[in-house]
Amino acid sequence: MDEEKVGDNPTSLPPEANPDAVSKFGVIINWKTHKAQTSERRDYIEQELEKAEQEIPVFKQKSELAEQEKEQALRDLDSTKRLIQELKLNLERAQTEERQAKQDSELAHLRVQEMEQGIADESSVAAKTQLEVAKARHQAAASELITATNELEETRKDYQVLIAERDAAIQKAQEAVSAAKQVERQVEDLTIQLIATKESIESTHASHLEAEEQRYQEAKDRDQDAIDLDVKLKHTEDELEKVKEQIMLAKDLRTKLETSSGLLCSLKDELAVYMQGKVPEVEDNEQFTRKDIQSGVANAQKTIGDVKAEIERTSKEIMRLKTDVTALTAKLESEKKVLTNVRKQKGLGAGAVVNLESELKRTRLELDNIRKREKEAREKLVELPKQLRKAGEEAEKARLLAKGGRLQMEKAKGAADEAKTGVNAVLSRIAEIQKQIDAARAQEQIALGAINALHESEASHGQKEDVKGGVCVSLQEYYEMGKRAYAAEVAANQRVEEAAARIDEAKDSEMQSLNKLTQLNLENASRQNELNNALERADMARVSTVNIQEELKKRKGENDSETQKQEAPRVGLFKRLSQKGSHDAASTSATQRNPAPKTNGVGPDGNSNTDESTSDGKGGFFRRRRKIVMPKLNLISLKKRPFSRNSNS
C-alpha cells in the first residue's frame, strides 16, 4: 500500500506532465522548447543580417557605378553644351561674314554699274555707301569690343564668386566627410557593444537555465523527503499499534498467572487438610491407601513442580515483557519526540511553503511589472528604428552634401572652363572684329586712294575723256569679279549650311545625352530604392537583435536582483531548519546509543533491535534522509496445557 502511495505521487512524474508543480518555481514551463525557439529566432535574424550585409556592398557598388555613369553623362552634356555654344558663335560669325560679303558684292555691283555709267568718285553712291558701311562696321566693332570687355569683367566676377562657392563647397564636403567618419566610428562602437552584450546574454541565459534546473531538482528533493517522512510516520504508527497489542497480551498473561497462583495456594491448603484429617483403617486396606496417597502426593508434587516451573517461566516472561515494555515505551517516547520534531519541521516547512507562496505572488507581481516595463521598452524600441533611420538619413544627407559639394565643385570647374572658353571666344571675336576694322580701314584707304587716283587722272586727262564719261573695264575682269562674288556667296551659304548641320548634330547628341541621363537617373533611383530596402532590412534585423538582447539583459538584471533579495530570508530559514534537523538527529542518536537490556527469549528474534538514522549534511533539512528501522518483536507462544491440567484436576 505504501509503495502504491509513493508511486501515485505527482512529483514522480516528468515535469512536462505536471506543469503546476513546475510553474511554482518559474514562469516558463518548458525551457528546452523556449531555448530552441529563441535559438531558431536568433539564427534566422543572424541569417537575415548576414544577407543584408552581403547585399549592402553590392548595392553600394551599383549605386557608385550609377553615380559614375551619371557624372559621365553630365560631363558629356556639358561638352555638348560647349560645342553648341561654339557652333552658335561660329554660326553668328558666318552670318556676319555672309552679310558683309553680300554688302561687299552689292557695293561692287554698284561700283561696276557706276563705272560703266562713268560716274565720278566724288559723286559715286557706292563709294559713299562703302565708306558709311566701313564706319558702321567700325562702330559695331567698337561697341562689340565694349560689350566684350564688360562681359569679360562680369565673367571674372562670376569666376571669383564661383571660386568662393567652390571653397565653401569644399569646406562643407570636408565637414560632411568628418561627420560620416564619426558616424562610422559610432557604428563600430555600437557593434562592439552589441557583440559584448550578446556574449553576456548567452552566459546569463546559461546560468539562468542552470539555476532553473537546480531549483527544480531542489523542489523534487523536498517532495521526496516529505513522502519518505510520511511513509516512516505510517510505519511507526503501525509498530506502535503492535506494541499496544503485545502489552494487552502481557496483561492477560499476568491475570492468568494470578489465577494459577491462587489455584496453587488452594491446592496446598487442601493437601494439608487432607493429610491432617485422614483416619487409620485396616492394615491391608492401610497399605493400599498409603500407595494411593503416595501416588496422589507424587502427582500433586509433580503438578506443583510443573506449576512452579510454569510460574518461573511466566515470571521470567513477565520480566522480559516488562523490559520490552520499558524499552518500547522509551522507544515510543523517542518516536513521539521525533514525530513532534517532524510535525514541527512540517510546520516550519508549511511556513516555508507559505513564504514561498508569498514570494511567488510577489514574483508574479514583479513579473507583471516587468511585462509592463517590457511593453514600455517595446514602445521605446519602436522609436529606436526611427532614430536609427534619422541617423541613417543624416548620414545619407552628409553623403549627399559631400556629393553635392563635389558636383558643385565640378560645376564650378565646368563654369570656370565655360567662362574661360567664353573669354577665349570673346577674345577671338574681338580679334576678328579688330581684323574686320583693319580690313574696313584698308578698304577705306584703298577707296580713298582710288578716288585720289581718279581725281589725278581727271585732272591730267580732262580733255581726253570719253563722251560716255565711264570707266572702261574689260569683259574678263567683269566676269572675274562676278565669279568672285558668286563664289563668296556660295562659300557663305556652305558655311551657313555646315553650321546648321553642326547645330542639328549637337542637338541630336544633346537629346541622346539627355535620354541617357534620364535612363541613368531611373536606374540610380531603382538601385537607391533597393539599397534603402536592404538597409531597412538590416536595420530591422539589428533592431530585433538589440531588442532581444536588451530584453534578456533586463530579465537577467531583474532575476539577479530578485535572487539577491530572496536568498537572504531563504538562507536564514534553511539554516534554522538544518540546525533543528541536526539537533533532532543528535537526540535520536543519543537515544539509540542506550539500547534495552537483552532477555533470553525462546525464539531466535528475541533480541531487541537498534535504531539506525542516517542524514546527509549537504542540503540541510530538505536533503536529509532518515532511515528508521523499528524493532520487530516476535512474541513467544505460551503453553496453556498446565493451566488446562490444573483446571481439570
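Okay, so the sequence shown: first residue is -18 according to my numbering, each after it adds one. Every residue gets a Cβ at the ideal spot worked out from N, C-alpha and C, and that includes glycine. In this text, all values refer to a predicted model and were calculated from it rather than measured experimentally.
**Report entry** L248 vs L302 beta-carbon contact at 9 Å
**Finding:** Taking 9 Å as the cut-off, the beta carbon of L248 is found no closer than this to the beta carbon of L302.
Query raised in the report: So, helix, strand or coil for S105, using DSSP?
Result: Judged by DSSP in its simplified three-state form, S105 adopts coil rather than helix or strand.
Query raised in the report: Is R80 buried or exposed, if buried means 16 or more other CB atoms sit within 10 Å of its CB?
Result: Exposed.
Query raised in the report: If you draw a straight line from the alpha carbon of R74 to that of A157, how long is it in whole angstroms?
Result: Approximately 47 Å, taken between the alpha carbons.
Query raised in the report: If you run the structure through DSSP and keep just helix, strand and coil, what is G99?
Result: Looking at G99 - three-state DSSP - the assignment turns out to be coil, as it is neither helix nor strand.
Query raised in the report: Out of curiosity, what's the CA-to-CA distance linking D565 and K201?
Result: In this prediction, D565 has a pLDDT of 48, which is less than 50 and means its spatial position is unreliable; nothing more can be read from the coordinates.
Query raised in the report: So, using beta-carbon positions, are R137 and Q111 closer together than 9 Å?
Result: For R137 and Q111, no; Cβs fall outside 9 Å.
Query raised in the report: Taking the C-alpha atoms as reference points, what is the distance between E316 and K215?
Result: Each residue's alpha carbon lies about 12 Å from the other.
Query raised in the report: Touch check for the region 144 to 153 and the region 120 to 133: three-plus C-beta pairs under 8 Å?
Result: No: fewer than three Cβ pairs fall under 8 Å.
Query raised in the report: Comparing alpha-carbon positions, which option in D520, V524, E517, E511 lies nearest K41?
Result: For K41, the closest alpha carbon among the candidates D520, V524, E517, E511 is that of E511.
Query raised in the report: Would you report the Cα separation of A107 and E87, rounded to the nearest angstrom?
Result: Annotation: A107 to E87 spans about 9 Å, alpha carbon to alpha carbon.
Requested in this report: Report buried or exposed for L68, applying the criterion of at least 16 other Cβ atoms within 10 angstroms of its Cβ.
Outcome: Counting of Cβ neighbours within 10 angstroms places L68 among the buried residues, the total reaching 16 or more.
Query raised in the report: If you count every other CB in all the chains shown that lies within 10 Å of the CB of H189, and 16 or more means buried, which is it?
Result: With 16 or more other Cβ atoms within 10 Å, it is buried.
Query raised in the report: Is it the case that the Cβ atoms of R33 and R518 are separated by a distance below 9 Å?
Result: It is Ala, not Arg, that sits at residue 33 in the sequence shown. Taking 9 Å as the Cβ cut-off, A33 and R518 qualify as a contacting pair.
Report task. Taking only the alpha-carbon atoms, compute the straight-line gap between K283 and E251 and give it to the nearest angstrom. Result -> Distance between the alpha carbons of K283 and E251: 16 Å.
Requested in this report: Measure how close the beta-carbons of L54 and L501 come, nearest whole angstrom, since I'm counting them as under 8 Å.
Outcome: Per the sequence shown, residue 54 should be read as Ala rather than Leu. A54 to L501, Cβ: 6 Å. Contact.
Query raised in the report: For L179 versus R354, is the C-beta spacing smaller than 9 Å?
Result: Residue identity check: residue 179 is Lys in the sequence provided, not Leu. Not in contact: K179 and R354 (Cβ atoms no closer than 9 Å).
Requested in this report: Report buried or exposed for R118, applying the criterion of at least 16 other Cβ atoms within 10 angstroms of its Cβ.
Outcome: R118 comes out buried.
Report task. Using only the heavy atoms of the ligand MN, determine whether one of them is closer than 8 Å to the beta carbon of I151. Result -> Judged by which ligands are present, the structure shown has none, so any question about the ligand MN falls away.
Query raised in the report: What whole-angstrom Cβ distance do A47 and E504 have, given they're in contact under 8 Å?
Result: Contact holds; Cβ gap of about 6 Å.
Query raised in the report: Is it buried or exposed for G450, if we count other Cβ within 10 angstroms and need 16 for buried?
Result: Caution applies to G450, whose pLDDT of 45 falls short of 50 and renders its modelled position unreliable; the value that the coordinates give is listed next. By the neighbour-count criterion, in which a residue is buried when 16 or more other Cβ atoms sit within 10 angstroms of its Cβ, G450 is exposed.
Query raised in the report: How close, in whole Å, do the beta carbons of L309 and V224 come, if the pair is a contact with beta carbons under 8 Å?
Result: About 5 Å separates the Cβ atoms of L309 and V224, confirming a contact at the 8 Å cut-off.
Query raised in the report: Can you give the Cα-Cα distance for T61 and N496, rounded to whole angstroms?
Result: C-alpha separation (whole angstroms): 14 Å.
Report task. Taking only the alpha-carbon atoms, compute the straight-line gap between E97 and L72 and give it to the nearest angstrom. Result -> Taking the straight line from one Cα to the other gives about 37 Å.
Query raised in the report: Do you know offhand how far T304's Cα is from Y255's?
Result: Taking the straight line joining both Cα atoms gives about 42 Å.
**Report entry** Nearest candidate by alpha-carbon position, reference S241, set A207, Q227, K297, D287
**Finding:** Per the C-alpha coordinates, the member of A207, Q227, K297, D287 positioned closest to S241 is D287.
Requested in this report: Tell me whether I173 is buried or exposed, calling it buried when 16 or more other Cβ atoms sit within 10 Å of its Cβ.
Outcome: With fewer than 16 Cβ atoms within 10 Å of its Cβ, I173 is classed as exposed.
**Report entry** Cα-Cα separation between Q475 and Q66, rounded to whole angstroms
**Finding:** Our two residues, Q475 and Q66, have alpha carbons roughly 20 Å apart in a direct line.
Query - Local Cβ density within 10 Å of N350, reported as buried at 16 or more and exposed below that - result: Exposed, by the Cβ-count rule.
Query raised in the report: Between the C-alpha atoms of V357 and E532, what's the straight-line distance to the nearest angstrom?
Result: In the sequence as displayed, the identity of residue 357 is Glu instead of Val. When rounded, the distance between both Cα atoms is 11 Å.
Requested in this report: Would you tell me roughly how many angstroms separate the C-alpha atoms of I228 and K237, rounded to the nearest one?
Outcome: When the Cα atoms are used, I228 and K237 turn out to be separated by approximately 14 Å.
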